[in-house]
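Data block below; observations after.
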Amino acid sequence: MEGKKDGFLAGERRGLKIEGFKFGNSPLEFTKEAVQGKEIFMTTSNGTRAIENALSADNLYIACYLNISAISEKLLESEKDVVILCAGTDDEFSLDDSLCAGMIIKKMSEKIKLEINDLGLSLKKIADLTSDIKEILSESKHYSYLKSIGYENDLEYCTTVDAFSITPFYKNGKIKLPLK
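As numbered in the numbering used here, residues 79 to 258 make up the sequence shown, in order.
This is how it looks when you write it as C-alpha cells:
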C-alpha cells in the first residue's frame, strides 16, 4: 500500500524492554538506520504518564540534557508562561529530571529575568552548583538502578549536554520534530 509506513513497538517497564517489543528505552538502540522512515509506538514507565498529564498544554516539548539549549531557546521564543513537568521515577521525585529542569531554568535566566517559584529557584540553584552531572547523579536512586541493570553507556550518553539542537514536541498523539 502506497504511503504506508513501517513501524514497531518500543518501550520499557522498570528500565527493562517489554517482551515482544523491538526496542526498550535505550536511546543507543534508536540509530538512524533502525528508525528512519518508521513509525515507533512507544511506552515508558514514567515519560508516557508525564505526557498524558500535560495534554492540555498549548505546547508540549520533550527535553533532556541532550537538548537543553535548544529547548530553552524554544521556550523563550514562545513568550508564554512555562511549566516544566518532570516525569519522576515511580511517582516520586527524581534528581536526574529535576537537575535537567534546573539547567533549563538556568539557561533561560541567562537570557531574560524570569519570574519563578521557589521550586524553580531551588532547581536553578542546584544547577548553578553543578559542574559534573554524572557525579551529582551517581548516588541517586534512578541513576544507580539503571547502572545496576547495565545501562552505563546510556547514562554516559544521556548526560551529555547539548549534543543536539532539536526541539521535539508532542501533538495529536505523536512526538515530532519541527519542520525546517
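Virtual Cβ for every residue (Gly too), placed ideally from N, Cα, C.
Nothing here was measured: the structure is a model prediction, and the numbers come from that model.
Burial state of SER226 (16 or more Cβ within 10 Å): Here residue 226 is taken as the residue at index 148 of the sequence shown, counted from 1. Result: exposed.
At a cut of 8 angstroms, does the stretch 112-122 reach the stretch 144-159 through at least three beta carbon pairs? Output reads no: the stretch 144-159 does not touch the stretch 112-122.
Can the beta-carbon of LYS214 be found closer than 8 angstroms to that of LEU177? Numbered from its first residue, the sequence shown carries residue 214 at position 136. Numbered from its first residue, the sequence shown carries residue 177 at position 99. Note on residue identity: the sequence assigns Ile, not Lys, to residue 214. Result yes, Cβ atoms of ILE214 and LEU177 sit closer than 8 angstroms.
Indicate whether the contact test is met: 3 or more Cβ pairs, each with one atom in the stretch 181-191 and one in the stretch 217-224, closer than 8 angstroms. Too few Cβ pairs lie closer than 8 angstroms, so no.
Is the beta carbon of ILE244 closer than 8 angstroms to that of ALA148? Within the sequence shown, residue 148 is the residue found at index 70, counting from 1. Within the sequence shown, residue 244 is the residue found at index 166, counting from 1. Yes, the pair counts as a contact, with Cβ atoms nearer than the cut-off.
Do you know whose CA, among PRO246, ARG92, ASN137, ILE182, lies nearest GLY228's CA? One-based indexing of the sequence shown puts residue 228 at position 150. Of the candidates PRO246, ARG92, ASN137, ILE182, the one whose C-alpha sits nearest the C-alpha of GLY228 is ARG92.
State yes or no: is the C-beta of ASN67 within less than 8 angstroms of the C-beta of LEU163? Nothing about residue 67 can be reported from this structure: the residues present for the chain run from 79 to 258 only.
Assigned secondary structure, ARG127 (DSSP; H/G/I helix, E/B strand, else coil): For this step, residue 127 is matched to residue 49 along the sequence shown. In the three-state reduction of the DSSP assignment, ARG127 falls in the helix class, which pools H, G and I.
Can you check DSSP and say which residues form a bridge with ARG91? Position 13 of the sequence shown, counted from the start, is the residue given in the question as residue 91. Beta-bridge partners assigned by DSSP to ARG91: LEU94.
Taking GLY102 and LYS110 to be in contact with their CB atoms under 8 angstroms, please state how far apart those CB atoms are, rounded to whole angstroms. As a position in the sequence shown, residue 102 is number 24, starting the count at 1. As a position in the sequence shown, residue 110 is number 32, starting the count at 1. Not confirmed; about 18 angstroms, so no contact.
In the structure shown, what three-state DSSP assignment does LYS116 receive? Along the sequence shown, one-based indexing puts residue 116 at 38. Three-state result, LYS116: strand.
Please work out which residues of its chain come closer than 7 angstroms, Cβ to Cβ, to GLY198, disregarding the five sequence neighbours upstream and downstream, and give them in chain order. Indexing the sequence shown from 1 puts residue 198 at position 120. A distance below 7 angstroms between beta-carbons, with the five flanking residues on each side excluded, links GLY198 to the following residues of its chain, in chain order: ILE183.
Where does GLU90 land, buried or exposed, given buried means 16+ other C-beta within 10 angstroms? Numbered from 1 along the sequence shown, position 12 holds the residue referred to as residue 90. Per the 10 Å Cβ criterion, buried.
Let me know the secondary structure DSSP gives GLU111 once reduced to three states. Position 33 of the sequence shown, counted from the first residue, corresponds to residue 111. Looking at GLU111 - three-state DSSP - the assignment turns out to be helix.
Paired residues, beta bridge with LYS100 - DSSP: Residue mapping note: residue 100 aligns to position 22 of the sequence shown, counting from 1. Answer is none; LYS100 lacks a bridge partner.
Find out if the Cβ-Cβ distance for the pair TYR143, THR208 is shorter than 8 angstroms. Sequence index remark: in the sequence shown, residue 143 carries index 65 (1-based). Sequence index remark: in the sequence shown, residue 208 carries index 130 (1-based). Between TYR143 and THR208, the CB-CB gap reaches or exceeds 8 angstroms.
With distances taken between CB atoms, is the gap from ALA112 to PHE99 smaller than 8 angstroms? Translated into the one-based positions of the sequence shown, residue 112 becomes position 34. Translated into the one-based positions of the sequence shown, residue 99 becomes position 21. In this structure, PHE99 does not lie closer than 8 angstroms to ALA112 by Cβ.
Measuring straight from C-alpha to C-alpha, what distance separates LYS252 and LYS203? Residue numbering aside, residue 252 sits at position 174 when the sequence shown is read from its first letter. Residue numbering aside, residue 203 sits at position 125 when the sequence shown is read from its first letter. Roughly 34 angstroms between the two C-alpha positions.
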